[in-house]
Amino acid sequence: MFEEAQYFAPVATRDDGTVEVELAASHPGFADPVYRARRNAIAALAVGYVPGTPVPTVDYTEQEHEVWRIVSRELAIKHRKYATVEYQDATDRLGLPGERIPQLQEVGDLLEPLTGFRYLPAAGLVPLRDFYGVLADGFFHSTQYIRHHSTPLYTPEPDVIHEVIGHANALASDRYARLYRLAGSAARRVESEQALEFISKIFWFTLEFGVMTDQGELRAYGAGILSSYGEIEEFRGMDIRPLDLAAMGTTHYDITKYQDVLFRAESLDHLEDVVGEFWADCDDEAVFRLIGDAR
Ligand SMILES: [Fe+2]
């Protein structure tokens with residue numbers, strides 16, 4: 435099974451129509467009945483979402499906004515030091531609120547005039563082909579729940595902080611947004627599950643966990659690093675390898691711990707030349723050739 439399936443808590447719809455998010459026993463909110471009920475209610479909004487209508491509004495509590503405030507503030511400080519200038523400029527362009535959790539509808543309203551991207555609600559894991567495919571049309575599937583308030587600087591799953599602070603800021607950059615679209619077009623083009631997984635792994639090692647040489651030092655542009663308070667302090671000490679399609683598409687990763695292998699682009703031009711050009715016209719055959727090379 436593709437590893438990302440374990441990244442999201444499973445969401446079940448019961449026979450009576452109720453929606454239940456199955457948190458692992460190790461989840462910080464596992465033993466908190468109030469949090470569990472919130473998770474179920476927020477997931478139910480996405481399950482009931484009708485495509486083409488506005489994204490359902492989540493009535494966030496003051497405690498939830500407080501978590502956003504804390505993390506936004508801490509990450510903004512880290513971003514000045516560790517994020518690429520392209521990401522920082524895009525963050526300034528987008529202008530997300532720091533004091534409250536923005537609604538996904540609002541995030542789309544801010545993004546669309548910049549790069550055409552809009553947000554769609556997701557209860558949990560979206561099948562890979564759907565998740566990546568709609569990127570080509572400028573849609574980004576996003577969860578709406580926020581991490582448990584007892585651990586504001588840690589989440590085992592991609593919550594609204596990851597989806598919005600990590601991804602929406604990047605999607606406000608014309609150049610990063612183009613890469614997201616190209617990943618989507620590649621996912622649509624390939625037919626085999628193996629090729630789709632290869633493309634999604636390259637996405638993982640670039641737009642989720644990518645780093646590059648920027649301002650003469652190693653900086654991050656991947657949403658997974660830039661939304662993780664712990665990981666952002668650690669990435670410069672990881673095993674940093676040169677950008678390599680075959681290696682990225684076949685390297686195993688463990689989503690339950692910090693990435694220990696990262697791939698460095700020498701510049702944004704370099705990332706676009708290697709990864710962007712590949713996504714722009716790769717097919718199953720091209721993927722299989724690279725998988726063969728990696729053996
Ligand atoms: Fe992500």
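Numbered according to the numbering used here, the sequence shown spans residues 435 to 729. Glycine included, each C-beta is placed from N, C-alpha and C at the ideal position.
Whether residue i touches residue j by CB criterion (8 Å)
i	j	result
L630	V624	yes
L660	V708	no
L530	P536	yes
A556	T577	yes
G815	L457	Any answer about residue 815 is impossible in this case: the structure gives the chain only from 435 up to 729.
H582	D466	yes
V468	P586	no
I674	L652	yes
E540	A443	no
A604	Y553	no
L562	Y614	no
W502	R534	yes
V453	A478	yes
Y588	G664	yes
G550	G567	no
A510	A606	no
A720	T684	no
G656	L679	no
W713	S619	yes
Y687	W638	yes
I689	Y441	yes
Y579	R473	yes
I725	F574	no
D609	L702	Reading off the sequence shown, one finds Arg at residue 609, where the question assumed Asp. Their beta carbons are under 8 Å apart, which means R609 touches L702 by this criterion.
L559	R527	no
G542	R507	no
Near ligand 1: residue i beta-carbon under 7 Å from a heavy atom
i	result
H575	no
A657	yes
G644	no
P555	no
P592	yes
H499	no
H686	no
G600	yes
H582	no
H461	no
H596	yes
Residues bridged to residue i (per DSSP)
i	result
M646	R653 and A699
V453	T447
L554	H575
I674	L696
A517	A654
### Task
Decide if the stretch 664-672 is in contact with the stretch 600-610; the criterion is three or more beta carbon pairs, one per stretch, under 8 Å apart.
no
### Query
Should the stretch 479-486 be called in touch with the stretch 501-518, which here means at least 3 C-beta pairs below 8 Å?
no
### Message
With a threshold of 8 Å, are at least 3 pairs of Cβ atoms found where one atom belongs to the stretch 696-704 and the other to the stretch 641-652?
### Response
yes
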